[in-house]
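Written below as structure tokens is the structure these notes are about.
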Amino acid sequence: MTGLFLRAVAALFPGVLARVLARVLARVLAGVMVLAPAVSLVSCRDTRPDLELPQTSVLVNRDSVALVSVEYARMHREPSIESLVMVHSRMGDILSVSDRTPDGQWFLLVGQGRKSQGRESQEEADQRKEGWVHRGDVALYMSEAQANNARRQLRRPGEE
180 MTGLFLRAVA
190 ALFPGVLARV
200 LARVLARVLA
210 GVMVLAPAVS
220 LVSCRDTRPD
230 LELPQTSVLV
240 NRDSVALVSV
250 EYARMHREPS
260 IESLVMVHSR
270 MGDILSVSDR
280 TPDGQWFLLV
290 GQGRKSQGRE
300 SQEEADQRKE
310 GWVHRGDVAL
320 YMSEAQANNA
330 RRQLRRPGEE
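Using this note's numbering, the first residue of the sequence shown is number 180, and each one after it goes up by one.
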């Protein structure tokens with residue numbers, strides 16, 4: 180096979196250049212022919228053990244946690260400013276986003292109230308909160324950890 184290759188190169192490139200080029204290419208071709216079976220043997224072996232990955236929830240590329248960023252956020256029965264207010268959430272409350280309007284202006288938030296520096300009664304803290312909140316009243320985050328970090332930096336009106 181190498182001889183045939185050398186004759187083909189010599190026919191294409193006459194003279195000394197043809198002989199030099201043919202020898203170099205013949206060595207490269209011989210190396211490839213020797214290494215190809217070795218590489219295929221090594222690459223076909225499956226030496227890695229099967230990895231068992233823990234089950235995770237479906238990853239969502241949308242923000243799914245809301246932090247109330249105004250003093251009081253009204254939680255409405257329907258996604259409308261004229262709708263009945265069901266309950267209020269305080270600044271710093273972290274709630275889950277369970278639905279949103281197609282235009283992204285209203286979010287259906289669900290969560291528990293929280294005991295906040297003694298200003299709420301225990302009954303308020305235990306109350307389940309659910310309702311539609313306007314986009315301007317909340318900041319959205321991808322995780323509860325991000326929302327908790329942001330909550331630490333919230334400033335009430337008039338605070339420095």
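Glycine included, each C-beta is placed from N, C-alpha and C at the ideal position.
The residues 287, 289, in chain order, have a CB closer than 6 Å to that of residue 277 in the same chain once the five nearest residues on each side in sequence are set aside. Here the C-alpha atom of residue 328 lies approximately 55 Å from the C-alpha atom of residue 215.
Sorting 243, 258, 210 by C-alpha distance to the C-alpha of residue 312 places 258 at the top. For residue 250, no beta strand (DSSP E) run applies, since DSSP gives it neither H nor E. For residue 325, the enclosing alpha helix (DSSP H) starts and ends at 323-331. Counting along the chain, the unbroken beta strand (DSSP E) around residue 265 starts and ends at 264-269. Of all alpha-carbon atoms in 330, 322, 187, 194, the one lying nearest the alpha-carbon of residue 271 is that of 330. Contact check for residue 319 against residue 252 fails: the beta carbons are separated by 8 Å or more.
Of the candidates 284, 262, 309, 285, the residue whose Cα lies closest to the Cα of residue 273 is 309. Comparing alpha carbon positions, the residue from 324, 255, 263 closest to residue 314 is 255.
Here residue 268 is buried: its Cβ has 16 or more other Cβ atoms, across all protein chains shown, within 10 Å. With a cutoff of 8 Å on beta-carbon distance, residue 279 and residue 291 are scored as not near each other.
A Cβ-Cβ contact shorter than 8 Å links residue 316 with residue 249. Residue state for residue 314 is assigned as helix, using DSSP reduced to three classes.
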